[in-house]
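Numbered per full-length UniProt numbering, the sequence shown spans residues 1 to 314.
All C-beta atoms, glycine included, are put in the ideal place defined by N, C-alpha and C.
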Amino acid sequence: MLVSGRRRWLTALLQAQRWPFQPSRDMRLVQFRAPHLTGPHLGLESGNGGGVINLSAFDPTLPKTMIEFLGQGEAALSVAKRALAAQLPLLPRSEVTFLAPVTRPDKVVCVGMNYVDHCKEQNVPVPKEPIIFSKFASSIVGPYDEVVLPPESQEVDWEVELAVVVGKKGKHIKATDAMAHVAGFTVAHDVSARDWQMRRNGKQWLLGKTFDTFCPLGPALVTKDSVADPHNLKICCRVNGEVVQSSNTNQMVFKTEELIAWVSQFVTLFPGDVILTGTPPGVGVFRKPPVFLKKGDEVQCEIEELGVIVNKVV
């Protein structure tokens, strides 16, 4: 498993050379496992694609899961900042298994039709209010885990998305205060069974979006102060090395602040909640003829400054 994960990561880096991302020294929080450690641990990815600092080795009192870490707020974050500055020994990337940066959140909130160019691709009007649906937390897998094709669907599609991770609890949050409730950002793959989304189950989206393994996340939670502008990032999806989606988050209809204000009218947001902010054009269902994922495909979802996730379809 470790070897195959490393191979997929190396393949992704090689194929991404046409769109090179510079390594970052900013704060990139990860959840990981390693053979010599018991259970999941919290760490810092050393740059985009680098090794991992084990935060427990720096301070054993720190939580070992992201949701607990975020729940401690600035106190935990300040310890992580000191660990980053201390230039601690790195665990080689080949020796760790990356988990999703957030596992078992209270909720995964998704936004539909949130890119202007994606609306144009479907020849539909741009929404005047955010279109909200959800995925179950059980759909979340790691950044290099496999996506399993369910036998119940013949139309499984790709969607690269910017994911927002909530850092502070809130309800009825004003847009002007929204970023105070954001921990950071990560890359998401909103895998979608179009037959269930568009025709089955009364055309409700939930079931088509929430099969097991349908929400790869990662590789890191990049803190908000480490991202220059979350609404001006190149966003790209490749299937078997071919670019199928290429856009920019500046095409988002509703930005992070508006989405948090909108969603928090209805539900309380908790640390670790994940908001998937929509996908750009280029999905398989709107191609002529439509194209869907098949066994053996490899999907790479990449966002500038955040990194790349690589998922084999099985």
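Between the options, which lies nearest to residue i when the distance is taken from Cα to Cα?
i, options, result
"R287", "G241, E121, P230", "E121"
"V274", "R194, D106, M252", "D106"
"N114", "L77, E258, P92, V299", "E258"
"A34", "D26, G47, N54", "N54"
"D297", "G278, P216, E305, G241", "G241"
"P127", "K295, D117, M179", "D117"
"P280", "A75, G184, D212, E302", "E302"
"A193", "T97, G284, D26", "G284"
"F136", "L207, F254, L99, V30", "L207"
"H41", "P289, F58, G282", "F58"
"S247", "K294, L37, C119, A86", "C119"
"H36", "E95, F266, K81", "E95"
"T176", "K255, I309, V148", "K255"
"V267", "V310, I173, N201", "I173"
"L276", "V166, P125, K295, S56", "V166"
Is the distance from the Cβ of residue i to the Cβ of residue j below 9 Å?
i, j, result
"R238", "Q300", "yes"
"I132", "V102", "no"
"E146", "H189", "no"
"R28", "S153", "no"
"P89", "K169", "no"
"F214", "V191", "yes"
"L70", "G142", "no"
"A76", "P63", "yes"
"L306", "V182", "no"
"E155", "W262", "no"
"L99", "L44", "no"
"S134", "F211", "no"
"V148", "V314", "yes"
"I235", "E304", "yes"
"Y144", "P219", "yes"
Helix, strand or coil for residue i? Go by DSSP, reduced to three states.
i, result
"R287", "coil"
"D157", "strand"
"S24", "In this prediction, S24 has a pLDDT of 40, which is less than 50 and means its spatial position is unreliable; nothing more can be read from the coordinates."
"T223", "strand"
"Q251", "helix"
"Q122", "helix"
"E152", "coil"
"G296", "coil"
"A178", "helix"
"E242", "strand"
"G167", "coil"
"A12", "Low confidence applies here, because A12 scores a pLDDT of 48, under 50, leaving its location unreliable and the question unanswered by this model."
Where DSSP assigns a beta bridge to residue i, which residues make up the other side?
i, result
"E302", "C236, V308"
"I131", "G112"
"V141", "P216"
"R200", "Answer is none; R200 lacks a bridge partner."
"V187", "L162, G218"
"F32", "H41, F98"
"V313", "V147"
"A193", "V156"
Exercise. At 3 residues or longer, and completely inside the segment 47-119: list those beta strand (DSSP E) runs for me, N to C.
Key: Qualifying beta strand (DSSP E) stretches, in chain order: 52-54, 97-99, 108-112.
Quiz item: Counting only runs that start and end within the segment 259-288, where is the beta strand (DSSP E) found for 3 or more residues in a row?
Solution: List check, beta strand (DSSP E) in window: 274-276.
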